[in-house]
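Numbering (the working numbering), first residue to last: 1 to 559. Don't be surprised by glycine CBs; every beta carbon is placed ideally from N, CA and C. Only one structure is covered here, and it is reproduced in the block below.
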């Protein structure tokens with residue numbers, strides 16, 4: 001949470017100076033070159049083929065781990081049809097005499113996610129076996145994705161109409177329900193109350209920039225791939241502005257829904273805490289039921305500590321400092337938000353099964369929509385590769401890619417799979433994506449040439465881009481992205497060891513551990529595999545051309 005509503009300021013600034021210009025630039029490249037990312041960048045310069053390969057590798061990494069989220073969504077969706085949601089209550093212990101202690105210490109929603117869904121191990125060193133339920137859900141997710149992309153853009157385009165529009169319907173339904181929940185206004189007030197001091201925190205700006213890159217998709221190659229199918233005179237400038245604004249507007253709209261529900265959850269937690277403290281004080285000090293009101297808990301804690309110090313000491317370890325602000329400040333992101341926070345809110349709603357089915361089906365549609373874009377970014381360059389297209393048709397190519405990704409993705413269904421998911425989620429795309437878009441915008445502006453790029457756009461649209469776009473491409477974007485990239489590098493160096501969160505069974509919560517050496521080496525390998533493609537392909541092209549020149553000279557001298 002980077003300052004509630006204050007986060008909107010860097011978010012909107014990054015949208016204007018980074019998101020929309022890069023979105024426009026990649027659409028123009030794809031529409032002009034009529035090729036996937038590898039072919040398009042090779043056409044701009046033979047030395048830039050590695051940019052396209054790096055985009056494909058980044059999209060591949062994203063596909064590998066992202067579809068497991070769809071597998072989790074299927075798992076939760078199937079469990080939503082039970083008479084009692086399995087994350088509503090804790091399971092009984094082995095003796096059937098009470099609830100499982102681990103679940104009671106945590107919460108039923110946390111226990112169901114970490115122990116039932118993930119069957120999570122104690123660390124990344126403990127691999128465990130494949131969770132067959134998750135493996136089957138992942139297989140189902142890949143089968144559906146395959147049928148969505150089986151005929152390329154022809155089938156993908158039709159699917160996108162549904163995957164893009166259905167979530168809006170569910171969000172509207174959830175908005176109506178969310179704002180009517182008890183405590184929803186607390187969440188909305190938290191969202192729209194800016195903490196301006198967060199604007200001085202560099203992490204706020206980095207997260208805003210990263211959020212824009214991931215939501216709009218420059219650098220992955222999907223924009224270039226989709227734009228390559230456009231009509232040559234399609235108005236990409238107007239398209240870039242409209243799509244970017246709709247995308248960001250949707251993110252803000254979804255945030256309103258999320259914070260209304262999160263306000264409901266935080267308010268319930270706060271009131272439950274107040275009630276626990278009220279009952280603790282009443283029982284300990286033998287007071288009448290109506291003596292203490294939940295609104296006066298703070299006063300009574302201070303008063304009884306002052307007047308009955310010795311007796312108060314006996315319960316001091318059980319005393320909780322209940323605070324609505326603290327509950328709101330402990331908001332989580334990513335999978336924790338999607339599968340724990342929402343699940344906890346849903347189980348407290350009337351007709352929880354209905355809301356659960358709606359939510360997880362919507363999550364599936366959003367996940368499938370993202371998968372289609374990233375898979376297209378992989379398949380389109382491979383389809384453009386003449387050597388491969390001679391031997392396999394498009395359906396077979398799509399099937400091979402999906403099958404390969406499924407087999408590699410099975411590692412995420414093991415007991416340590418969530419820790420490998422964290423590695424891919426945190427390191428496989430963030431830094432490499434920044435590096436790719438830096439090289440892209442510098443290459444267009446200073447290698448291909450901004451004047452030449454202007455003429456290409458004029459040839460397609462009938463007019464040249466105005467001064468705003470040229471300033472962004474040639475000046476602001478390269479400087480801003482380079483600064484963010486360097487700050488990330490410095491943060492990794494200054495931060496020292498790389499850490500991750502593990503589930504502690506005894507404490508029933510997540511604790512921080514340092515990544516072992518092999519995991520840190522794998523992180524380095526992920527970064528090198530994607531970013532290293534760019535300089536390596538440039539060197540290979542240089543060596544190839546130099547060798548060709550030497551051969552020509554030798555042939556000339558010999559004749």
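Reference residue i; option with closest CA among the options
| i | options | result |
| --- | --- | --- |
| residue 319 | 237, 255, 298 and 129 | 298 |
| residue 461 | 230, 148 and 553 | 230 |
| residue 314 | 283, 291 and 293 | 283 |
| residue 66 | 447, 173, 364 and 457 | 364 |
| residue 432 | 459, 486, 449 and 415 | 486 |
| residue 273 | 440, 50, 149 and 296 | 296 |
| residue 7 | 169, 472, 54 and 209 | 209 |
| residue 206 | 430, 227 and 456 | 430 |
| residue 381 | 259, 25 and 222 | 222 |
| residue 238 | 24, 141 and 499 | 24 |
| residue 178 | 456, 349, 464 and 99 | 349 |
| residue 149 | 396, 456, 484 and 545 | 396 |
| residue 201 | 491, 439 and 466 | 491 |
| residue 446 | 341, 484, 539 and 475 | 475 |
| residue 425 | 412, 456 and 85 | 412 |
| residue 505 | 450, 285, 119 and 289 | 119 |
| residue 561 | 516, 409 and 27 | Nothing can be reported for residue 561, as the shown portion of the chain is limited to 1 through 559. |
| residue 563 | 260, 135, 173 and 441 | Outside the modelled stretch of the chain, which goes from 1 to 559, sits residue 563, for which no answer is possible. |
| residue 42 | 513, 196 and 440 | 440 |
Beta-carbon contacts of residue i that lie in its chain and below 7 Å, excluding the five residues immediately before and after
| i | result |
| --- | --- |
| residue 19 | 212, 216 and 244 |
| residue 87 | 108, 109, 112, 343 and 347 |
| residue 533 | 50, 53, 54 and 57 |
| residue 322 | 270, 273, 274, 277 and 297 |
| residue 21 | 469, 472, 473 and 477 |
Neighbourhood of residue i by C-beta, 8 Å cutoff - its chain only, sequence neighbours within 5 removed
| i | result |
| --- | --- |
| residue 9 | 194 and 199 |
| residue 253 | 171 and 175 |
| residue 182 | 264, 267 and 268 |
| residue 287 | 281 |
| residue 366 | 163 and 167 |
Residue i (DSSP reduced to helix, strand or coil)
| i | result |
| --- | --- |
| residue 3 | Unreliable positioning characterises residue 3 in this predicted model, as indicated by a pLDDT of 48, which lies under 50. A coordinate reading is not provided. |
| residue 195 | coil |
| residue 130 | strand |
| residue 507 | coil |
| residue 94 | coil |
| residue 595 | Residue coverage of the chain in this structure runs from 1 to 559, which leaves residue 595 outside it and unanswerable. |
| residue 294 | helix |
| residue 146 | helix |
| residue 320 | coil |
| residue 391 | coil |
| residue 414 | strand |
| residue 446 | helix |
| residue 190 | helix |
| residue 232 | coil |
| residue 100 | coil |
| residue 181 | coil |
Endpoints, alpha helix (DSSP H) assigned at residue i
| i | result |
| --- | --- |
| residue 554 | 533 to 558 |
| residue 205 | 202 to 216 |
| residue 353 | 352 to 384 |
| residue 347 | 342 to 347 |
| residue 72 | 49 to 79 |
| residue 251 | 236 to 284 |
| residue 301 | 297 to 307 |
| residue 222 | 222 to 227 |
| residue 83 | Segment: none, residue 83 is in no alpha helix (DSSP H) and carries neither H nor E. |
| residue 117 | It is not in any alpha helix (DSSP H) - residue 117 carries neither H nor E in the DSSP assignment. |
| residue 471 | 467 to 471 |
| residue 42 | 37 to 44 |
Boundaries (first-last residue) of the beta strand (DSSP E) holding residue i
| i | result |
| --- | --- |
| residue 89 | Run containing residue 89: none; DSSP gives neither H nor E here. |
| residue 501 | 499 to 504 |
Cβ neighbours of residue i in the same chain (closer than 6 Å, five flanking residues each side left out)
| i | result |
| --- | --- |
| residue 324 | 270 |
| residue 137 | 71, 74 and 75 |
| residue 124 | 416, 419 and 519 |
| residue 89 | 108 |
| residue 458 | 464 |
| residue 186 | 263 and 267 |
Expected contact under 8 Å - CB spacing of residue i and residue j to nearest Å
| i | j | result |
| --- | --- | --- |
| residue 188 | residue 236 | With a Cβ gap of about 36 Å, residue 188 and residue 236 do not count as contacting. |
| residue 225 | residue 30 | 7 Å |
| residue 105 | residue 508 | 4 Å |
| residue 335 | residue 69 | 7 Å |
| residue 368 | residue 143 | Wrong, their Cβ atoms sit about 12 Å apart, outside the cutoff. |
| residue 384 | residue 44 | Not really, about 14 Å apart at Cβ, beyond 8 Å. |
Contact with chain C by residue i, beta-carbon distance below 8 Å
| i | result |
| --- | --- |
| residue 291 | Considering every chain present, this structure includes no chain C. It has just one protein chain. |
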